[in-house]
Amino acid sequence: MAVFASLSEAVAANLRDGDSVAMEGFTHLIPYAAGHEAIRQGRRDLTLIRMTPDILYDQLIGMGCARKLKFSWGGNPGVGSLHRMRDAVENGWPRALELEEHSHAAMANAYDAGAANLPFAALRGYVGADLPKVNPNIRTVTCPFTGEVLTAVPAIRPDVAIIHALKADRAGNVLIEGILGVQKEAVLAASRSIVTVEEVVDDFGPRSPNATILPSWTVTAIAVVPGGAFPSYAHGYYKRNNAFYLAWDAIARERDSFAAWMTENVLAKGPGDFAALAGLRSEGPRS
Amino acid sequence: MAVFASLSEAVAANLRDGDSVAMEGFTHLIPYAAGHEAIRQGRRDLTLIRMTPDILYDQLIGMGCARKLKFSWGGNPGVGSLHRMRDAVENGWPRALELEEHSHAAMANAYDAGAANLPFAALRGYVGADLPKVNPNIRTVTCPFTGEVLTAVPAIRPDVAIIHALKADRAGNVLIEGILGVQKEAVLAASRSIVTVEEVVDDFGPRSPNATILPSWTVTAIAVVPGGAFPSYAHGYYKRNNAFYLAWDAIARERDSFAAWMTENVLAKGPGDFAALAGLRSEGPRS
Amino acid sequence: MTTPATPTEMMTIAAARALRADDICFVGIGAPSAACNLARLTHAPGITLIYESGTIGTKPDILPLSIGDGELCDTALTTVAVPEMFRYWLQGGRITLGFLGGAQIDRFANLNTTVVGPYDKPRVRLPGGGGAPEIAAHSGQVFVTMAMGTRAFVEKLPFITSMGHGEGGDHRARLGLKTRGPTRIMTDLCVMEPDPESKELTVVSLHPGATRQEVRDNCGWTPRFAANLAETPPATDRELSVLRDLHARTKKAHSGG
Amino acid sequence: MTTPATPTEMMTIAAARALRADDICFVGIGAPSAACNLARLTHAPGITLIYESGTIGTKPDILPLSIGDGELCDTALTTVAVPEMFRYWLQGGRITLGFLGGAQIDRFANLNTTVVGPYDKPRVRLPGGGGAPEIAAHSGQVFVTMAMGTRAFVEKLPFITSMGHGEGGDHRARLGLKTRGPTRIMTDLCVMEPDPESKELTVVSLHPGATRQEVRDNCGWTPRFAANLAETPPATDRELSVLRDLHARTKKAHSGG
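Residue numbers (my numbering), protein chains in the order written: chain A, 1 to 287; chain B, 1001 to 1287; chain C, 2001 to 2257; chain D, 3001 to 3257.
Here it is, written out as structure tokens:
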């Protein structure tokens, strides 16, 4: 059964140095508040897993939290490069970053296989592409009926999955709507999970009979963090702050400007600051 | 793009003697009207595919439409045996019926693989069970990362999928809600598809952003048949007629009583009769 | 004042008692959803019931006739597609307790619901396995309810539809299974549990009024009895009234058009 | 009265013209959704746009900055989870047209968006493939839009992120692919198509004002020109006004907080 906790408690209890962690959210519902909490708590040697490492992972990498990144597209979508990620890969700053690189299709299949408790996923992938030459975790499997040779990738089974969702009910069930990404799969594939939510409600009320809900018994800890996906967005709560994504390019370009921004906006802040950032009524500090 | 047609036109154009056909619907939304139309049109040598062959397939088998059945649970749920299916298997009446038998997990995975254009599905299946000894389509595949040996079954790729759904919009998009079964997978896995619907609406209106919708360009033909899932049910339209499921046991027990019932209630009737059966206002005959 | 429990009622009540509020219970076709719902309506209100039709956390007011009645979906936390149910939820290891019934069982709690006689030329063609083979493999543990009789409790199964303890001992572990398999068999006469070592089913509790001889007469093998054989506590008035109300509501609903 | 099309606008307009109302178009990260939406707002209103974030049949009023902006979901027919998008829809063969961009392209329309320099010690680390490798393989055909330049149109790619025509000829078929691969490359100077036999990219149409020499100067290999080289019809007022309105709406929306 999910435990309600403060975000700092939830991260302290469930994310350890050296863990593999998937912070997922496909443009929508990116768990920024939880990622910032991991930075503040000084986590090290993480294996970061994420299909689309963007600003949040740029921040974690730039702050030296990660030793490895498993991913399929690393950029600031619609804007350009992730300068902190590039600095780590190209110059080893602040530390070297090992890459395990896949395609979206392979990552999505690997999460699906992880949720389904399979050791690998088979897909029609990477035909004619070079990635299998440089990633030993891209192999083949032969269909026992047709003899066709398919691509195989290992299932993703993270130690911890961290996601942001729309709401939880008092029993700890979690509702997600809109762009779903791979969050449900990430939680079901992980050993532990932390879910931040916009709000807790008595009852989800009228909804589709097929609503995407993670039952309480699939989630380890829930923390209420209004605005916790800012500057990404939460369907029905607040919009994506595209201006910040555009601004990040200049902030992250140089090590100094990055460090100054992180000190002011992450290290000196807390989860309670997200509501105001997202333009929501702040409900006072939570930490 | 889906074509709107009468049910008789849709079946005549898309279901041929010798086809493999999946009429799916997991208790909910079983396509009775379409199945009856196939019986009336005298289809022969069908390979019937369905996880839970129940009364509808008992009728098709008893009327001699099928040469083979691929399935995972063949019974009248909550009631007992399918007498026509047993008569075909045990006595070859009205003709012998070849069986390809799986478990639900294997069938569900095989539909999923079919929709995903994979030749096989890997699952942790049948451990310690006898079915792999009698079904040569249950094989193994070895994980190229862990060396684990998993079960493999061939993907299901039917010639035709036939389902009943709640509603279509005027563009031919199809909405399903409630118990979803494997209908979406069956349609996406099939070469052609026939969908009967309760009604056509101008617009689906407010709905979950993640509603289960088959876009028009994934469906071959749509026929409007109110009540077309009777005696199963359509979420929000009418309930399952449990009394009929109980009554079927006596109807189907003997060949004569079965034949008489089919003559009166299927051969002499048409799709337009389903609305009244389901307790809906009849909109006059459609055929 | 309440009439005493029938053997079938006693079987259902014994099964219900074994369920816990924190169980995530997978109810397959033909399984005793009466027991699961009785538990939910008495001592285990928080129990999570999952039917293989995809309904998660369902709380039906009446017993479904099938595993996909509308009532299940209407009262569920959510309903997922069937491939997801079998892939993410059952195979994913999310189920703590699987509930199975069957046409035949052997002394190691293997079950047959496929055929009597040879597979290719069956004397009786049964419905088949449905969800059972993987429920038996992937649920944390499995409960079985079956009424006793020599045609049901047999020395040797003609067909193993779903594995219980196989040939006994560590057979499950040798096949790579990490789940516990069948841990309790609730019958109309008694409760059986596998011996911790041999895994042979052992009668641990006789229902009120049932005798060792009755159990022997209705079992196709010579059943073992536990040294400290207990008597199943009789059905309480509350258990009986809740169960009978449930059945009455159900009968009324199902006989309607 | 309308100011003439810039080269970038001409590239977008040329791409939009090639789209048909019955296309099911998969728009990957970095791809010119401007072209897809321009087509939708002009001659191909029925076109189905799918973004890899799971949105199916989306009709955004402004261009998304990312492939998962809320606008895409709000205007979609429905939105599915990302594993389903890649498994049932892309790999499932439901996409008639994939739309890709890239940092680098070679004469057989192979694309690189991964690294410049050695993979293990890159001079420039690019974003990576995202959906591209499988979009290139599974879409019925692929359109590419890229501005020309000798650093983009290169003799030899340092890394093949997604296969176009490989080494040319029947290379795709030899790898078991049944799809057509890249069929049109829309640049800021011209349109290229693969030669029917060799699959080498051939300039088939020059945009108004562009010259053969300009194309040669901005291409890292010596490009072939079609015998019947055409001139791309100039942008119409309607194309330009719809495109510029779209960009204006988009800029206004994205600069907001």
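The C-beta atom is built at its ideal place from N, Cα and C for all residues, glycine as well.
Exposed or buried, what is residue i when buried is set at 16 or more other beta-carbons lying within 10 Å of its beta-carbon?
i	result
Lys-2121(C)	exposed
Arg-2087(C)	buried
Asp-2023(C)	buried
Asn-2228(C)	exposed
Gly-1042(B)	exposed
Leu-3175(D)	exposed
Gln-1183(B)	buried
Asn-91(A)	exposed
Ser-257(A)	exposed
Ala-96(A)	exposed
Arg-3123(D)	exposed
Pro-2196(C)	exposed
Arg-2184(C)	buried
Val-2191(C)	buried
Ala-2173(C)	exposed
Val-187(A)	buried
Ser-2255(C)	exposed
Gly-2166(C)	buried
Arg-1286(B)	Note that Arg-1286(B) scores 41 on pLDDT, short of 50, meaning its location in the model is unreliable; the coordinates nonetheless yield the value given after this. It is buried - the Cβ of Arg-1286(B) has at least 16 other Cβ atoms within 10 Å.
Glu-1264(B)	exposed
With DSSP run on the structure shown, which of helix, strand or coil describes residue i?
i	result
Val-3116(D)	strand
His-164(A)	strand
Lys-1068(B)	strand
Ser-1232(B)	coil
Gly-1284(B)	Caution is warranted here: a pLDDT of 45 is assigned to Gly-1284(B), below 50, making its placement in the model unreliable, and the coordinate value is therefore given only provisionally. The answer is coil: DSSP assigns Gly-1284(B) none of H, G, I, E or B.
Leu-1082(B)	coil
Cys-3219(D)	coil
Lys-3251(D)	helix
Leu-3065(D)	coil
Met-107(A)	helix
Gly-1272(B)	helix
Ile-1049(B)	strand
Arg-192(A)	strand
Glu-1198(B)	strand
Gly-2257(C)	Any reading at Gly-2257(C) must be qualified, since the residue scores a pLDDT of 45, below 50, and its modelled position is unreliable; no value is offered.
Ala-2173(C)	helix
Below 8 Å on the Cβ atoms is my guess for residue i versus residue j; work out the distance and round it to an integer in Å.
i	j	result
Val-974(B)	Ala-1034(B)	The structure shown does not extend to residue 974(B), since chain B is modelled only from 1001 to 1287, so the question has no answer here.
Val-1021(B)	Leu-1046(B)	6 Å
Thr-3096(D)	Gly-3140(D)	4 Å
Phe-2159(C)	Thr-2114(C)	5 Å
Phe-3134(D)	Leu-3090(D)	Per the sequence shown, the amino acid found at residue 3134(D) is Glu instead of Phe. At roughly 6 Å, the Cβ-Cβ gap stays under 8 Å, so Glu-3134(D) and Leu-3090(D) are in contact.
Gly-2164(C)	Ala-2136(C)	7 Å
Thr-52(A)	Ile-179(A)	That pair is no contact at about 12 Å.
Ile-3062(D)	Ala-3230(D)	33 Å between Cβ atoms; not a contact.
Ala-1152(B)	Val-1141(B)	4 Å
Val-1224(B)	Val-1266(B)	At roughly 20 Å, the Cβ-Cβ gap does not stay under 8 Å, so Val-1224(B) and Val-1266(B) are not in contact.
Inset, instruction - Would you be able to state if there are at least three C-beta pairs under 8 Å between the stretch 3045-3055 of chain D and the stretch 3075-3082 of chain D? - result: yes
Inset, instruction - Can you check the stretch 2129-2161 of chain C for any beta strand (DSSP E) of at least 3 residues that lies completely inside it and give the ranges in chain order? - result: 2141-2145
Legend entry - Validate contact between the stretch 205-218 of chain A and the stretch 59-75 of chain A using beta carbons, cut 8 Å, 3 pairs: no
Inset, instruction - Count the CB pairs spanning the stretch 2062-2076 of chain C and the stretch 167-178 of chain A that are closer than 8 Å, and state whether there are at least three. - result: no
Legend entry - Contact the stretch 2102-2118 of chain C vs the stretch 2056-2070 of chain C: 3+ CB pairs below 8 Å: no
Legend entry - the stretch 1143-1153 of chain B contacting the stretch 112-123 of chain A, beta-carbon criterion three pairs below 8 Å: yes
Inset, instruction - Entirely within the stretch 3011-3060 of chain D and at least 4 residues each: give me those alpha helix (DSSP H) ranges in chain order. - result: 3033-3041
Legend entry - Contact the stretch 181-198 of chain A vs the stretch 152-167 of chain A: 3+ CB pairs below 8 Å: yes
Inset, instruction - Flag this pair as touching only if the stretch 3035-3042 of chain D and the stretch 3007-3026 of chain D have three or more C-beta atom pairs under 8 Å; answer yes or no. - result: yes
Inset, instruction - Answer yes if the stretch 1269-1276 of chain B comes into contact with the stretch 2197-2211 of chain C, meaning at least three C-beta pairs across the two stretches below 8 Å, and no otherwise. - result: no
Inset, instruction - Specify whether the stretch 1246-1264 of chain B and the stretch 1075-1082 of chain B touch according to this definition: at least 3 beta carbon pairs, one from each stretch, less than 8 Å apart. - result: yes
Legend entry - At least three beta-carbon pairs within less than 8 Å, the stretch 1099-1108 of chain B to the stretch 1065-1078 of chain B: yes
Inset, instruction - With a floor of 4 residues, list each alpha helix (DSSP H) that falls wholly inside the stretch 3181-3217 of chain D, ordered by position along the chain. - result: 3212-3217
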